[in-house]
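See below for the structure under consideration.
There are 2 protein chains.
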Amino acid sequence: MVKMSDVADKANVSKATVSRVLRNPETVKKATRDKVLAIIEQLNYQPNILARHFRRSETNTILVVIPNIMNTVFSHILGGIEHEAGMHGYRVILANTNRQVEKEYEYLDHLRQRQADGMILLSARMDKGVLSEVMKQYPVVLTADYLEGIPIPTVTIDNVSSGRTATEHLIKLGHSRIAHITGPLHLLVSQDRLKGYRQALLQNDLDVDNILIQEGDFSHESGYNQMTKLLALEHPPTAVFSANDEMATGIIKAAKDHGLSVPEDLAVVGFDNVKLSAIYDPGITTIAQPMFEMGSKAMELLLQQINGDETSKKQYVLQNELVIRESCGANQKKLG
Amino acid sequence: MVKMSDVADKANVSKATVSRVLRNPETVKKATRDKVLAIIEQLNYQPNILARHFRRSETNTILVVIPNIMNTVFSHILGGIEHEAGMHGYRVILANTNRQVEKEYEYLDHLRQRQADGMILLSARMDKGVLSEVMKQYPVVLTADYLEGIPIPTVTIDNVSSGRTATEHLIKLGHSRIAHITGPLHLLVSQDRLKGYRQALLQNDLDVDNILIQEGDFSHESGYNQMTKLLALEHPPTAVFSANDEMATGIIKAAKDHGLSVPEDLAVVGFDNVKLSAIYDPGITTIAQPMFEMGSKAMELLLQQINGDETSKKQYVLQNELVIRESCGANQKKLG
DNA sequence: ATGTAAAATGTAATCGGTTACATTTAGTAT
DNA sequence: ATACTAAATGTAACCGATTACATTTTACAT
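Residue numbers (our numbering), protein chains in the order written: chain A, 1 to 336; chain Y, 1001 to 1336.
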């Protein structure tokens, strides 16, 4: 393997000059630079990146801690991260946690060992004290999830307002008996979407009937099961706000199996705007999370931190949007 | 940052001994080992992994070249890779190509610069000559895609036989006018699925009618569009084999929009068995690709190569399976 | 031609583990 | 107790690029 000193020898310059040609070309006279570059070309010299990483103790690598890559929402955020990272010469290491906290701690050690220049968390279950401590020493950004009480740079959407928007949309369509199937309630996102749902009802002088609020786990099956329960009520809902799109498909299936049509007999609004919601029949009206942008913005913030810009330690709230399709009935007749 | 020599000093041993405690504990007397470990604990010593990587010129990192992380099939394969890698202390670097060959070449350089110990390709568009050359020098495994003519270790399913199985299933259900909407035909997988489709027809003495073979691009829209075309034929098909599940949803939508029911008026079989096919209504009968297993098997083969086992340079063909749901009508009445 | 500052280049230390080889210590047989 | 082997530990070179600092060269003004 040809190394820097080989190039230096052949070009009759010192290693330092070769190094400069590579890293600070402007500090080297053009003639020398060209000569060195020619030799580099000729010898097909590839700098030993590991040596560079070691010497500079930086890795051009960032860690993405992700609960589950196979989840569409996460993989799209990851897409955004990867895109932005690539544009700046950074590589992305996958840190799948399968939702185990121990894994999060494990990856924290990677950061401490300087195996990565920074870390983007798509889930933060670890102890807040530990996280605050880490934040002080290393570049960290949180997205998709968020935490209360610690000032960690975060990129999210406003889930409360989104929940409100989704619910208000159903109210405007004339519904008054609106159910909500939530995500796992230990997650702040689920709590916030629920909060938004409640706010919308109250602000429109509608009762919040707790029997209409059922906890799901974001899976199709849970949507199906909880909806089946709701349909067995004496006064079943005429509309449902689902905390994500996959549950919405379960909800629609349950309604169909119960002999109801969507949106005629039951209006449904989902959340996320994953591809599924556009493909499903009926198309699912949903709150669009800008997943890709969340990822790229998170990476952008991380890069600022890596480059020593401490002022960038902010909370970012991205715009979300209601995407109207068939499942809510807005495109059909209005319900009375 | 506390380093190895600090530990050595405090423990009254040499750096070498500390290093051995960490890497070859069995070569150190228990008493010494315990003493050193205690000091490591006490000083909270974290070895500098970058130094280790540099010195040993290995990275415990592998590169996964992937056309698009946001695609379910790829993200599931990636899941399998990550899982297997994690179990063996390897980290996974994402190398998204967005289907650009140049990116593939770029990541090849990472391998050459020893930034990774090996590479798993989920797409190989690069020149076969280049790839063969790389294969000789570095551990490489191909999965999801495959190439003819070069003996690169590959993990796939048998797409020909799968295409045959899917088509035969429709034939057994009594269909004789079976269409096939293919994937992009520049991909071998698409060609092979098509080949299987043809074989099934011929082996059952059915004509291959080229008008019934339409090229799609794996998207919902292309499924919809091509099916719409097929339905406009004088003798439209009564069954379709779709080269993936997403197109199958488009096909079903087109049928519905044309006033047909699935499976009663049109039987559909998809390919992949992504979650979508289970969630969709009707549930899509499909060929299950063991995506996760493909990933973990590919990683397993890569690890064998990394560990110098050259005999492992094989082609692996994993089992696939027909998953019967509603869209083909097998669970309903038989068609005559 | 001479002096001076700026630009270009060189020298050599350094990053922190790893490991071949040398040396010491422990263990066992006679 | 002695000799010999194996086990344990130490010494020091090494991996290859980076960079602070020193030195030389160049450019320009007088």
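Glycine included, each C-beta is placed from N, C-alpha and C at the ideal position.
Give a yes or no on whether the C-beta atoms belonging to residue i and residue j are separated by under 9 Å.
| i | j | result |
| --- | --- | --- |
| LEU302 of chain A | ILE93 of chain A | no |
| VAL1077 of chain Y | ASN1096 of chain Y | A small correction: the amino acid at residue 1077 of chain Y is Ile; Val does not occupy that position in the sequence shown. Cβ distance not < 9 Å, so ILE1077 of chain Y and ASN1096 of chain Y don't count as in contact. |
| VAL141 of chain A | ILE157 of chain A | no |
| ALA1166 of chain Y | LEU1318 of chain Y | no |
| GLU64 of chain A | LEU122 of chain A | The residue you asked about is not Glu; residue 64 of chain A is Val in the sequence shown. Yes, they are a contact pair. |
| ALA1248 of chain Y | TYR1280 of chain Y | yes |
| GLN214 of chain A | HIS180 of chain A | yes |
| VAL13 of chain A | LEU37 of chain A | no |
| LEU1201 of chain Y | ILE1178 of chain Y | yes |
| SER5 of chain A | SER1075 of chain Y | no |
| LEU1212 of chain Y | LEU1230 of chain Y | yes |
| GLU106 of chain A | ARG125 of chain A | no |
Taking just the CA atoms, how far does residue j sit from residue i?
| i | j | result |
| --- | --- | --- |
| ILE1287 of chain Y | LYS1003 of chain Y | 54 Å |
| ARG1056 of chain Y | GLN1046 of chain Y | 17 Å |
| HIS1083 of chain Y | GLN304 of chain A | 31 Å |
| ASN225 of chain A | ILE251 of chain A | 8 Å |
| ASP257 of chain A | TYR1316 of chain Y | 42 Å |
| GLY336 of chain A | ASP272 of chain A | Note on GLY336 of chain A: pLDDT 35, under 50, position unreliable in the model; no value is reported. |
| HIS1228 of chain Y | ALA1254 of chain Y | Sequence check: residue 1228 of chain Y is Thr here, not His. Each residue's alpha carbon lies about 6 Å from the other. |
| LYS143 of chain A | ASP217 of chain A | Checking the sequence, you will find Thr at residue 143 of chain A rather than Lys. If I take the Cα positions, the gap works out to 20 Å. |
| VAL1160 of chain Y | VAL155 of chain A | 46 Å |
| ILE324 of chain A | ILE1324 of chain Y | 33 Å |
| ASP1145 of chain Y | ALA8 of chain A | 43 Å |
| MET87 of chain A | TYR1090 of chain Y | 25 Å |
| MET299 of chain A | LEU276 of chain A | 26 Å |
| LYS10 of chain A | VAL18 of chain A | 11 Å |
| LYS29 of chain A | ARG23 of chain A | 14 Å |
| PHE292 of chain A | ILE306 of chain A | 21 Å |
| GLN1042 of chain Y | MET135 of chain A | 23 Å |
| LYS1128 of chain Y | GLY1149 of chain Y | 8 Å |
| VAL1208 of chain Y | HIS1175 of chain Y | 13 Å |
| CYS1328 of chain Y | ASP1265 of chain Y | 10 Å |
| GLY1223 of chain Y | LEU1260 of chain Y | 16 Å |
| ASN210 of chain A | ASN320 of chain A | 27 Å |
| LYS1334 of chain Y | ILE1171 of chain Y | Its pLDDT being 39, under 50, LYS1334 of chain Y is placed unreliably by the model, and the measurement read from it follows with that caveat. Using only the alpha carbons, I get a separation of about 11 Å. |
| GLN1199 of chain Y | ALA1330 of chain Y | 22 Å |
| VAL1073 of chain Y | VAL1274 of chain Y | 7 Å |
| LEU131 of chain A | LEU147 of chain A | 10 Å |
| GLU58 of chain A | GLN1115 of chain Y | 13 Å |
| GLY308 of chain A | LYS297 of chain A | 17 Å |
| VAL101 of chain A | LEU111 of chain A | 16 Å |
| GLU1026 of chain Y | SER1219 of chain Y | 56 Å |
| THR1285 of chain Y | ALA1232 of chain Y | 24 Å |
| GLN1289 of chain Y | LYS195 of chain A | 41 Å |
| LYS421 of chain A | GLU1133 of chain Y | Since the displayed chain A opens at 1 and closes at 336, residue 421 of chain A lies outside it and no answer follows. |
Answer yes or no: the CB of residue i versus the heavy atoms of the ligand COA, is any distance below 8 Å?
| i | result |
| --- | --- |
| ILE211 of chain A | The ligand content of the structure shown is nil, which means the ligand COA is not present either. |
Just checking my contact of residue i with residue j at CB under 8 Å: how many whole Å lie between their CB atoms?
| i | j | result |
| --- | --- | --- |
| ALA267 of chain A | LEU173 of chain A | 6 Å |
| ARG395 of chain A | THR182 of chain A | No statement about residue 395 of chain A is possible, as the shown extent of chain A runs from 1 to 336 and does not include it. |
| ASN68 of chain A | ASN98 of chain A | 7 Å |
| GLN113 of chain A | ILE1049 of chain Y | 5 Å |
| GLY118 of chain A | PRO139 of chain A | 3 Å |
| SER1190 of chain Y | ALA1243 of chain Y | 6 Å |
| GLY270 of chain A | ASP245 of chain A | 4 Å |
| GLY79 of chain A | MET1070 of chain Y | 5 Å |
| THR1054 of chain Y | ALA51 of chain A | Per the sequence presented here, residue 1054 of chain Y reads as Phe, with Thr not at that position. With 8 Å as the limit, PHE1054 of chain Y and ALA51 of chain A qualify as a contact, their Cβ atoms being about 5 Å apart. |
| PRO153 of chain A | LYS15 of chain A | Their Cβ separation, rounded to whole angstroms, is 39 Å, which puts PRO153 of chain A and LYS15 of chain A out of contact at 8 Å. |
| PRO263 of chain A | GLU326 of chain A | 6 Å |
Subject >> Sequence ranges, alpha helix (DSSP H) only - wholly within the segment 1268–1335 of chain Y, length at least 4 >> reply: Taking only runs of at least 4 residues, the alpha helix (DSSP H) segments lying wholly in the segment 1268–1335 of chain Y are 1275–1279 and 1291–1306.
Original post:
Any residues in the segment 89–123 of chain A with a beta carbon nearer than 9 Å to a beta carbon of chain Y? Which ones, in chain order?
Top reply: Contacts with chain Y (Cβ-Cβ distance below 9 Å) from the segment 89–123 of chain A involve ARG91, VAL92, ILE93, LEU94, ALA95, ASN96, ASN98, LYS103, ASP109, HIS110, ARG112, GLN113, ARG114 and GLN115, listed in chain order.
Subject >> Unbroken stretches of the beta strand (DSSP E), 3 residues or longer, contained in the segment 225–266 of chain A >> reply: Runs found: 239–242.
Original post:
Where in the segment 1039–1106 of chain Y do unbroken runs of the alpha helix (DSSP H), each at least 4 residues long, occur, reported from the N-terminal end onward?
Top reply: Taking only runs of at least 4 residues, the alpha helix (DSSP H) segments lying wholly in the segment 1039–1106 of chain Y are 1049–1056 and 1072–1087.
Original post:
Taking Cβ-Cβ distances below 9 Å as the criterion, which residues of the segment 1261–1280 of chain Y are in contact with chain A?
Top reply: Those would be LYS1275, LEU1276, ALA1278, ILE1279 and TYR1280, in chain order.
**OP:** Would you list, in chain order, the members of the segment 1019–1051 of chain Y that have their beta-carbon closer than 8 Å to a beta-carbon of chain A?
**Re:** Correct list: GLN1046, PRO1047, ASN1048, ILE1049, LEU1050 and ALA1051.
Subject >> the segment 1234–1253 of chain Y: positions lying closer than 8 Å to chain A by Cβ >> reply: Within the segment 1234–1253 of chain Y, the qualifying residues are GLU1246, THR1249, GLY1250, ILE1252 and LYS1253.
**OP:** Would you list, in chain order, the members of the segment 1068–1079 of chain Y that have their beta-carbon closer than 8 Å to a beta-carbon of chain A?
**Re:** Listed by position along the chain: ASN1068, ILE1069, MET1070, THR1072, SER1075, HIS1076, LEU1078 and GLY1079.
Subject >> Near-chain A residues of the segment 1003–1015 of chain Y - C-beta to any C-beta below 7 Å >> reply: Under the 7 Å Cβ criterion, the segment 1003–1015 of chain Y contributes no residue.
Original post:
Got a sec: which bits of the segment 154–169 of chain A sit with their beta carbon under 7 Å from any beta carbon on chain Y, in order along the chain?
Top reply: Within the segment 154–169 of chain A, no residue qualifies.
Subject >> beta strand (DSSP E) runs contained entirely in the segment 99–180 of chain A, provided each spans 3 or more residues >> reply: Note on the segment 99–180 of chain A: whole beta strand (DSSP E) runs with a minimum of 3 residues are 118–121, 140–143 and 154–157, in chain order.
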